[in-house]
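Each protein sequence line maps, in turn, to chains A and B.
Numbering-wise, the numbering used here comes out as the position in the first sequence, counting from 1, plus 16.
Numbering-wise, the numbering used here comes out as the position in the second sequence, counting from 1, plus 16.
Protein chains: 2
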Amino acid sequence: MTNLTILGTGNMGQAIASVAAKGGHNVQQLGQEDLATAVTGDIVVLAVPYPAIDQIVEQRGDQLAGKIVVDITNPLNFETFDSLVVPADGSAAAEVAAKLPNSRVLKAFNTTFAGTLAAGTVGPLTTTVLIAGDDADAKSQLASVVTSGGLKAIDAGSLKRARELEAVGFLQLTLAASEKISWTGGFGVIS
Amino acid sequence: MTNLTILGTGNMGQAIASVAAKGGHNVQQLGQEDLATAVTGDIVVLAVPYPAIDQIVEQRGDQLAGKIVVDITNPLNFETFDSLVVPADGSAAAEVAAKLPNSRVLKAFNTTFAGTLAAGTVGPLTTTVLIAGDDADAKSQLASVVTSGGLKAIDAGSLKRARELEAVGFLQLTLAASEKISWTGGFGVIS
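The structure is reproduced here in C-alpha cells:
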C-alpha cells in the first residue's frame, strides 16, 4: 500500500484519487483550504492547473523534499488554444523539477482526460497512463498505483519526454475543444 | 476519384498507396529510379524519410507547384532517439511549406505506423489519420481519400499543429523502439 497525497480537488484530482482508492492505497486529498495540513503521502500529485504550480511550490516546497512529485499539467495558453506557455524546448515538468531539486519529479496523467481515468476505459481500451521521469524507482512506484487501480501504465522515458507528453496533451485538448473528439475520448494506447 | 502521386516506395509509401487504391483512387507511385517521370497527381505524398526531403524539393519542386503536398516525416535523430532534428519551435512540415510556397502543404500519416494503415485498424479501433494544414479544401480532399480507403480522418488544425503531430510521432517511435508498444500498435483515437 502506498500513501498518496493529491493536492487539488478538481475533476482530475478526484479522478486520480478514485484510481488510487480502487487500488487500495491511502489517499490524502487537500484543497487550498487545507493549507495548514501537512502532506503525508510519499507520492504527491500536483492536481492543479499550471498557473497554480508556483504557489504550491512556495507554500509546500519544503514538505515535498524527498517525495515523488507528479506533475499532471497541460501548460496551454487557454485564451488562444494555439500554443503552450512554456519554452518550446522545455516543459512544465522540467520547470517543476528545477523548482523542486530535492524531489523526484514525474510527468503523468496529462494525456488522459478525467473521464477516462474515472471510468478506467477510453472507448474499447483500458486507459493507459504515460509516465515520464528520470528516476526508475519513482516511475515504478507510480505505475504500481496506476495498475492496481485497474489502468495500464507505460514508462514513456526520461523526464525530457515530458515535452512530447505535453504536446500530446495539448493536441488532445485542442481536439476536444473543437469537438473533434469528446471529453471521454482522446488518445488510447494499443500495445 | 482523386489522382495521387506517392513519392517513395518504402513501407509507408506502399501502405498509403494501398489505402488510396482501396478508395478507388488513381495512384502513381514513384521511386528514386523514376526521376524522369513527371508527377501527375493532384495530391502528392512525400513518403520519404526526412533527410530526403531537400533532394525531392530540388528535383521536383517546380512540379509540385499548385499541388497539395503531404509531408509524413518524423524528423528524429535516429542515432539517439532522444530528440528531433528540427528547431524546437518549428516542424518538418513548416520547413516543407517554406520550401514549397506555391504548394498547399499538409502534415499527415506521421502518427500511424505503416502496419496500421495497411490493416485499417490499430487494435480494436479503426486507424485514424490526423491531418494538419492551413488550407481547409486541401485537408478535406486528403480526408476524402483517407475515409474512402476505410480509415478515419480528423482535422487536427492549422499547419502549426504539425509540431504536436511530430511530437506524437516521435513519442510513438520511441515507445516502439523500446518495445513498450509494437509496430502494429501505437496511439489510437477515440472520438
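Glycine included, C-beta positions come from ideal geometry on N, C-alpha and C.
Quick caveat: nothing in here was measured; it's all calculated off a predicted structure.
Contact belief for residue i with residue j at Cβ below 8 Å, rounded distance in angstroms
i               : j                : result
GLY77 (chain B) : LEU116 (chain B) : 6 Å
PRO65 (chain A) : THR96 (chain A)  : At roughly 16 Å, the Cβ-Cβ gap does not stay under 8 Å, so PRO65 (chain A) and THR96 (chain A) are not in contact.
ASP50 (chain A) : LYS83 (chain A)  : Not confirmed; about 17 Å, so no contact.
Residues near residue i in its chain [Cβ-Cβ closer than 6 Å; skip 5 each side]
i                : result
VAL86 (chain A)  : VAL61, LEU122 and ALA124
GLY47 (chain B)  : THR25
LYS168 (chain A) : THR142 and THR144
Cβ of residue i within 8 Å of any chain A Cβ
i                : result
GLY204 (chain B) : yes
ALA172 (chain B) : yes
PRO67 (chain B)  : no
VAL184 (chain B) : yes
GLU49 (chain B)  : no
THR163 (chain B) : no
SER107 (chain B) : no
LEU191 (chain B) : yes
ASP180 (chain B) : Looking at the sequence itself, residue 180 (chain B) is Glu, so the reference to Asp does not match. Yes, GLU180 (chain B) counts as interfacial toward chain A.
ASP98 (chain B)  : yes
GLY201 (chain B) : yes
SER156 (chain B) : no
Neighbourhood of residue i by C-beta, 7 Å cutoff - its chain only, sequence neighbours within 5 removed
i                : result
LYS155 (chain B) : LEU122, ILE147, GLY149 and ASP171
ALA217 (chain A) : Lying outside 17 to 207, the shown extent of chain A, residue 217 (chain A) is not represented and no answer is given.
TRP199 (chain B) : PHE129, GLY131 and ALA192
SER99 (chain B)  : ASN93
GLN45 (chain A)  : ILE22, THR25, GLY29 and ALA33
PHE186 (chain A) : ASN90, LEU92 and LEU100
ALA134 (chain B) : ALA31 and SER34
GLU111 (chain B) : VAL102
LEU175 (chain A) : ALA109, ALA110, ALA113, VAL121, LYS123, ALA148, GLY149 and ASP150
VAL43 (chain B)  : LEU20, ILE22, ALA33, ALA36 and ALA37
Buried or exposed by the 16-neighbour rule on C-beta atoms within 10 Å, applied to residue i
i                : result
ALA113 (chain A) : buried
THR190 (chain B) : buried
ASN118 (chain B) : exposed
SER107 (chain A) : buried
GLU180 (chain A) : buried
GLU74 (chain B)  : exposed
LEU255 (chain B) : Given that chain B is displayed from residue 17 to residue 207, the structure contains no residue 255 (chain B) and the question cannot be resolved.
GLU195 (chain A) : exposed
ALA81 (chain A)  : exposed
ALA52 (chain B)  : exposed
ALA54 (chain B)  : exposed
ALA183 (chain A) : buried
ALA152 (chain B) : exposed
Contact with chain B by residue i, beta-carbon distance below 8 Å
i                : result
LEU122 (chain A) : no
PHE94 (chain A)  : no
ILE197 (chain A) : yes
PRO140 (chain A) : yes
LYS176 (chain A) : yes
LEU187 (chain A) : yes
ALA104 (chain A) : yes
SER119 (chain A) : no
Cut-off 8 Å between Cβ atoms - residues of its own chain near residue i, not counting five sequence neighbours on either side
i                : result
ILE197 (chain A) : GLN188 and LEU191
GLY139 (chain A) : GLY201 and GLY204
SER164 (chain A) : LYS38, GLY39, GLY40 and HIS41
THR137 (chain B) : THR143
ILE206 (chain A) : LEU141
The ligand SAM heavy atom lying under 7 Å from the CB of residue i
i                : result
THR144 (chain B) : Looking at this structure, you won't find the ligand SAM or any other ligand, since it has none at all.
Next item on the list: Pair every Cβ in the segment 125-133 of chain B with every Cβ in the segment 97-107 of chain B, then say whether three or more of these pairs are closer than 8 Å.
Entry: The segment 125-133 of chain B makes no contact with the segment 97-107 of chain B: fewer than 3 CB pairs, one atom from each, lie closer than 8 Å.
Item checked: Meets three-Cβ-pair contact criterion under 8 Å: the segment 23-43 of chain A and the segment 143-161 of chain A -> Because the criterion of three Cβ pairs below 8 Å is met, the segment 23-43 of chain A and the segment 143-161 of chain A touch.
Margin query: Could you check whether the segment 68-83 of chain A touches the segment 25-37 of chain A, counting it as contact only if at least three pairs of C-beta atoms, one from each stretch, sit closer than 8 Å?
Written below: no
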